[in-house]
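*Asks:* Residue numbers (my numbering), protein chains in the order written: chain W, 5 to 128; chain B, 5 to 128.
1. For residue 51 of chain W versus residue 116 of chain W, is the C-beta spacing smaller than 8 Å?
2. Counting only the same chain and skipping the five closest in sequence on each side, list residues whose C-beta sits under 8 Å from that of residue 30 of chain B.
3. For a minimum of 4 consecutive residues, which ranges assigned as the alpha helix (DSSP H) are wholly contained in the region 50 to 122 of chain W?
4. With three or more beta-carbon pairs closer than 8 Å as the criterion, would you say the region 35 to 51 of chain W touches the region 104 to 118 of chain W?
5. Who pairs with residue 9 of chain B in a beta bridge, going by DSSP?
6. Within 10 Å of its beta-carbon, does residue 125 of chain W have 16 or more other beta-carbons around it, so buried, or fewer, so exposed?
7. Starting from the Cα of residue 73 of chain W, find the closest Cα among W:84, W:32, W:63 and W:110 and give me that residue.
8. Less than 8 Å between the beta carbons of residue 59 of chain W and residue 6 of chain W, yes or no?
9. Hey, is residue 26 of chain W's beta-carbon within less than 8 Å of any beta-carbon in chain B?
10. State yes or no: is the C-beta of residue 18 of chain B within less than 8 Å of the C-beta of residue 18 of chain W?
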């Protein structure tokens, strides 16, 4: 589901926007492209330092949307730049092998935000 | 309200994520940093090519949230990278002097998304 083009975007630094929504208006948090780790079964793992509102939203509604892109990666029709909108379900993990692997990479994290992707749409 | 740091981010290319929400779940569209034009009174003008769902949402609820950033711009405490979450109200404009100015810059636009900023928070 996650194309080579998606992986190419991750290799170019940029800002990732993550959107969650519970009973209130949508909440935004940001990460860097280089902080996203894709597992072999194509879940996306993201280091979470604070993200309290995101976690609160996820408890009410585990749907998540995320956007990222890079002007350095070619999109459709040779357009200079591409971007993806990812949809999925999310949970926070705070122990286990994947948590430990992520903690080694990103010492600042307190939990890992795990996204199970349901849709990964290349927009450009 | 829009700091020098915000303007510095606009000078570095990156992906902008715009979030609107009407009666359904939040909707995401993206733009490039370089496509944002700040007016003298600090409204943000954005070329809109399609953005049908965004326009539909704005008719129900004119609130908007937007995130952008750059790893090339220093944040707080000398951190390498910064980002902003902007909140405001939005409308689409399809005629007038500002529309014409934007149309000259961005031939592909059919309308201009105008954001009146209520909050511009530097996150990093």
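Even for Gly, the Cβ is constructed at its ideal location relative to N, Cα and C. Remember, it's a predicted structure, so these values are computed and weren't measured experimentally.
*Replies:* Walking through what the data contain:
1. yes
2. 23 and 24
3. 56 to 64 and 101 to 109
4. yes
5. Paired residue(s): none; residue 9 of chain B is not in a bridge.
6. exposed
7. W:84
8. no
9. no
10. yes
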